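Numbering (this note's numbering) for the sequence shown: 1 to 824. Each residue gets a CB set at the ideal place from its N, CA and C atoms; glycine is no exception. All of these numbers come straight from a predicted model, not from anything done at the bench. Working notes, structure below.
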Amino acid sequence: MAIKPRYKRRMAWTMVGIAAGAVVAVIFVPPAITLNYMKPQLIEAIKSQTGISPEINGNVKFSLLGRATIVAHDIVVPFGNIHSAMFSVPWFSVFNPANAKLDGPVSIYGGKFKIDNLNAFDFNTKITLYNSTVEFLSHDYNIVRGELMDGKFNGIVRTAQHKYDITFENDEFTVRNQNNKLEIVGQLFSDGSASGQISIETDNINRWFEFQEPKIYEPVNLSMDFMWDGGTGFDFQNIVANNVTGNIKLYPDGRRDIQLASSDIDFDFSFLARPGKFLHNTKVNIDFYGNLKFDDQEFNHIKIAAVGTEDKLQIGSIIADDVAITGGTIDADGAHDIMVTMPLYNKSTSCLFSGTPNTWQCATYTHGSLSGTLNVNGDEFNITAKSNIKMPDINTVHEYALRFGTHGTVDFEFNDAAGTLTINGDKNRPEFRFAKNKDLDWLGVKFPFLPKSMQDATGNFKWESGAVVFQPHDATWQMAIQNNFFYIYGKNFKTWFPGIDLQMLRDGIYTVSGEYKNNITSDLTISVANHVFTGSAVGNAITLKTDVLNLDSFLSPKYLARYEELSFLTSHPLTVPFDLGIEVSLSADQLIYDDNEYNNFVYSLKPATQTFSITDNAHGNILATITRNGTDYAIELQLNKFETHGKLLRDTMPLNISDTYVTGDIKMKTSGHIAHDIEYNLDGDIDLTFTGGYIDGIGTDGFYSSAENITILNAEYALSDALNAGTSRLKTLHIIGHYQNGNFDSTEPLTISLPHVDGTGALKIENGQMSANFYLVLRGTAPEPAPIDLTLNTNGERTYSLSEIMQNFDPSYMRQFVKNHDKF
Numbered sequence: 001m002a003i004k005p006r007y008k009r010r011m012a013w014t015m016v017g018i019a020a021g022a023v024v025a026v027i028f029v030p031p032a033i034t035l036n037y038m039k040p041q042l043i044e045a046i047k048s049q050t051g052i053s054p055e056i057n058g059n060v061k062f063s064l065l066g067r068a069t070i071v072a073h074d075i076v077v078p079f080g081n082i083h084s085a086m087f088s089v090p091w092f093s094v095f096n097p098a099n100a101k102l103d104g105p106v107s108i109y110g111g112k113f114k115i116d117n118l119n120a121f122d123f124n125t126k127i128t129l130y131n132s133t134v135e136f137l138s139h140d141y142n143i144v145r146g147e148l149m150d151g152k153f154n155g156i157v158r159t160a161q162h163k164y165d166i167t168f169e170n171d172e173f174t175v176r177n178q179n180n181k182l183e184i185v186g187q188l189f190s191d192g193s194a195s196g197q198i199s200i201e202t203d204n205i206n207r208w209f210e211f212q213e214p215k216i217y218e219p220v221n222l223s224m225d226f227m228w229d230g231g232t233g234f235d236f237q238n239i240v241a242n243n244v245t246g247n248i249k250l251y252p253d254g255r256r257d258i259q260l261a262s263s264d265i266d267f268d269f270s271f272l273a274r275p276g277k278f279l280h281n282t283k284v285n286i287d288f289y290g291n292l293k294f295d296d297q298e299f300n301h302i303k304i305a306a307v308g309t310e311d312k313l314q315i316g317s318i319i320a321d322d323v324a325i326t327g328g329t330i331d332a333d334g335a336h337d338i339m340v341t342m343p344l345y346n347k348s349t350s351c352l353f354s355g356t357p358n359t360w361q362c363a364t365y366t367h368g369s370l371s372g373t374l375n376v377n378g379d380e381f382n383i384t385a386k387s388n389i390k391m392p393d394i395n396t397v398h399e400y401a402l403r404f405g406t407h408g409t410v411d412f413e414f415n416d417a418a419g420t421l422t423i424n425g426d427k428n429r430p431e432f433r434f435a436k437n438k439d440l441d442w443l444g445v446k447f448p449f450l451p452k453s454m455q456d457a458t459g460n461f462k463w464e465s466g467a468v469v470f471q472p473h474d475a476t477w478q479m480a481i482q483n484n485f486f487y488i489y490g491k492n493f494k495t496w497f498p499g500i501d502l503q504m505l506r507d508g509i510y511t512v513s514g515e516y517k518n519n520i521t522s523d524l525t526i527s528v529a530n531h532v533f534t535g536s537a538v539g540n541a542i543t544l545k546t547d548v549l550n551l552d553s554f555l556s557p558k559y560l561a562r563y564e565e566l567s568f569l570t571s572h573p574l575t576v577p578f579d580l581g582i583e584v585s586l587s588a589d590q591l592i593y594d595d596n597e598y599n600n601f602v603y604s605l606k607p608a609t610q611t612f613s614i615t616d617n618a619h620g621n622i623l624a625t626i627t628r629n630g631t632d633y634a635i636e637l638q639l640n641k642f643e644t645h646g647k648l649l650r651d652t653m654p655l656n657i658s659d660t661y662v663t664g665d666i667k668m669k670t671s672g673h674i675a676h677d678i679e680y681n682l683d684g685d686i687d688l689t690f691t692g693g694y695i696d697g698i699g700t701d702g703f704y705s706s707a708e709n710i711t712i713l714n715a716e717y718a719l720s721d722a723l724n725a726g727t728s729r730l731k732t733l734h735i736i737g738h739y740q741n742g743n744f745d746s747t748e749p750l751t752i753s754l755p756h757v758d759g760t761g762a763l764k765i766e767n768g769q770m771s772a773n774f775y776l777v778l779r780g781t782a783p784e785p786a787p788i789d790l791t792l793n794t795n796g797e798r799t800y801s802l803s804e805i806m807q808n809f810d811p812s813y814m815r816q817f818v819k820n821h822d823k824f
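So this is what it looks like as structure tokens:
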């Protein structure tokens, strides 16, 4: 007979009807008894008690062990089949199953069922399901174990991806997955629909809700209300997923309506450039703020209103920060006739866009006063640009074009120049149809070390054999450029530093060449004053090296001859480099100055510091540092056995040192603008030791060399000659003092050592006049020689007393002393 509607609804819930229909059981407790002949009675009993008409294709067996257990195999019901079903009845009812009452639960094993709704169920016998499968809405659900009774269900259900704990009672249900903190709480209505709330925490939201795009990589904490029509229609409202809120409606016919918003989210919209299933039959309204991306562009705000069909996306409007997109479509072949407007480089820009991210075009575009067309294929671009304004510099055109690829052409026409710019990476080759009254900035050539006067000079360009040659109208220099290589020829290198006083230097022609790229100049070669410097430059910082640096060939003899006069009119040569506006690191294997040679010279120029050093095993070492703060300067010298040539002081000084080695420190400060002020304001401390060389003004060497001829009668005259004049070899002289404005005063007792002579004293130079006082011991004049007090007065006179030394002067002892002490 036909199944009553109310029973048909019952069987629809996850195996409830199935379990009630499988009222056949067998237990294999030997000996087992086959009851196949009783199949009709069992089928009739099931039909009368549940309204379900089963077919039993397998054996029906039972055993008696306390009570009768019946097992039936291969059972077919209207909505599926059962591998086996087992239940118990009182043993006296075994042969009268039509009137038997179930004794205990009914167990279903290996059931496979298909249902099309989730109507309520109501069985007063416990139904236990094991390893049974239910197909619902094209998805398989495996019931690992479940119990049905009196309208209640408790069980564990597994899908291909997840496992759930499900409870159902009085049309209210709960679904949980503890691993992902999933909880679905809702109510099932009589028409098969349902509503409720969903909450879940998962790190794979794509897998849970079975969608491929957009790809969500971060963990999601989701909650929302839902309404389900019992089929394929869903209405999700009050969605809260991390920082996203909104509503999503899925229609039974496959259409979708998505409304999402967020005030702070990291999200990649690049998938919209390749329409897929996400956009099929979908109306999208998205309004996101945060860290947003579309292909290789980043945005803070994206708002989208669009409608997707099976094969394309119809754009209503898209706002991405200050970019506005209206009209047009996007399909599998790319975008078609989309109008894009945006500010670009502070200029209003529009483009009628078509294509894909790799191959696209602007059929027309405007950019400020520019208009034209733009075509991009991968990394290659072809651009036309027309404007009635003056042409910008080549570098600007180059930079603009590189935003569209790595290589291509720009065909341009401006009111002062026209031609084609061929670009390949950071290289460009302009071919002009005309160019007039231009400067290097116009060509896009910028060298940080090139002075502004040369960079801004107006002149003419010509193109020869792939190179562009520029010559300013004054014809004082010329520059050739080919790719990244440049060559400059000039008539006077001083023109590189206009406005700077370089009178101390000779005039001279020069050449500069190198390879310039990314603000770096490599293979830099500078030829000037018969010198060749090689190196590199980064911005304004230049590193140079040469074999021999001959300062004498740079310094102007006229300037040196008139220095006393010009010092009141010019800057000091040591302060001029601070005004050059460059940084320099210079090294030379050999330095020549005043015809003297030194090895291993290193010079460094920074905005506020100059450093000089010589490291010469043969001639000693020197490190000099000059630091500037406005017009104030600090000067420090460190010397170590540094060789000097000639006299250290003016010839008019009563004492002088020549051809000596100097070790010690000099610390000075000064201030001023002109050379005279810099020297006049020098103020600081000196601590120097002079080793070797000669001292003029003391002639003790002559005194000792005449020892064989000195007697008690002429000794006083010989001593007087030695103390008044002469030249002696210097062993050491250590002097500490203070220097100020050309004056010097020793602040600690000086020590002096000459052959056979030791002494201490003091020295002062004031207003160009020297005064000094020495306490000298002339060893060998007696076994215990008396000291001599020698005073040098500013008027040139010398005072001393020989009475004490003459009291015990011993000529013969002196002659023997000199013979025994012939070493220095």
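- A contact between stretches requires three or more CB pairs, one per stretch, nearer than 8 angstroms, and the stretch 408 to 428 fails this requirement with the stretch 490 to 502.
- In this structure, Asn599 lies near Gln590, with their beta-carbon atoms less than 8 angstroms apart.
- A straight line joining the alpha-carbon of His367 with that of Pro392 spans about 14 angstroms.
- By the Cβ neighbour-count rule, Ala561 is exposed, with fewer than 16 other Cβ atoms within 10 Å of its own.
- With contacts defined as CB atoms closer than 8 angstroms, Asn640 and Thr625 fail to qualify as a contacting pair.
- Assignment of beta-bridge partners to His531 by DSSP yields Val528.
- Within the same chain, and ignoring the five residues on either side of Arg158 in sequence, the residues whose Cβ sits closer than 7 angstroms to its Cβ are Asn142, Val144.
- With three or more CB-CB distances shorter than 8 angstroms, the stretch 620 to 639 counts as touching the stretch 659 to 673.
- DSSP, reduced to helix, strand and coil, places Met149 within a strand of the structure shown.
- Beta-bridge pairing by DSSP links Pro343 to Ser348.
- Looking at the DSSP output, Gln187 shares a beta bridge with Glu172, Ser195.
- The Cβ neighbour count for Asp523, taken over all protein chains shown within 10 Å, is under 16; the residue is labelled exposed.
- Rounded to whole angstroms, Met653 and Leu763 show a C-alpha spacing of 12 angstroms.
- The residue from Asn483, Ala725, Phe809 with its alpha-carbon nearest to that of Glu716 is Phe809.
- Excluding its 5 nearest sequence neighbours in each direction, Thr546 has C-beta neighbours in its own chain below 7 angstroms: His531, Val532, Phe533, Ala588, listed in chain order.
- Excluding its 5 nearest sequence neighbours in each direction, Tyr487 has C-beta neighbours in its own chain below 6 angstroms: Ala480, Ser513, listed in chain order.
- Closest by C-alpha distance to Asp701, out of Pro755, Leu733, Ile657, Leu648, is Pro755.
- The three-state secondary structure of Ser371, taken from DSSP, is strand.
- One Cα belongs to Tyr109, the other to Ile115, and the distance between them is close to 18 angstroms.
- With contact defined as three or more Cβ pairs closer than 8 angstroms, the stretch 453 to 471 and the stretch 397 to 407 are not in contact.
- Take the alpha-carbon of Pro811 and the one of Asn741: they are about 47 angstroms apart.
- Residue burial is scored here from C-beta neighbours: Ile735 has at least 16 other C-beta atoms within 10 angstroms and is therefore classed as buried.
- Taking the C-beta atoms as reference points, Lys517 is found no nearer than 8 angstroms to Asp507.
- Following the DSSP letters along the chain, one finds Phe79 in no beta strand (DSSP E), marked with neither H nor E.
- With fewer than 16 other Cβ atoms inside 10 Å of its own Cβ, Leu551 counts as exposed.
- Annotation: His676 to Trp442 spans about 44 angstroms, alpha carbon to alpha carbon.
- From the listed residues Tyr739, Phe447, Asn793, the smallest Cα separation to Ser536 is found for Phe447.
- In this model, Phe294 and Ser270 are separated by some 5 angstroms (Cα to Cα).
- Per DSSP, Asn243 lies in no alpha helix (DSSP H) segment and is marked neither H nor E.
- An exposed status is given to Ala363, since fewer than 16 other beta-carbon atoms sit within 10 Å of its beta-carbon.
- When beta bridges are read from the DSSP output, Asp331 appears opposite Lys312, Gly334.
- DSSP places His676 inside the alpha helix (DSSP H), whose first and last residues are 675 to 680.
- Going by DSSP, Asp745 is part of the beta strand (DSSP E) stretching over 743 to 746.
- If you compare the alpha carbons of Leu450, Arg429, Trp463 with that of Lys436, the shortest gap goes to Trp463.
- Where His738 is concerned, the enclosing beta strand (DSSP E) starts and stops at 732 to 740.
- The alpha-carbon separation between Pro577 and Ile526 amounts to approximately 18 angstroms.
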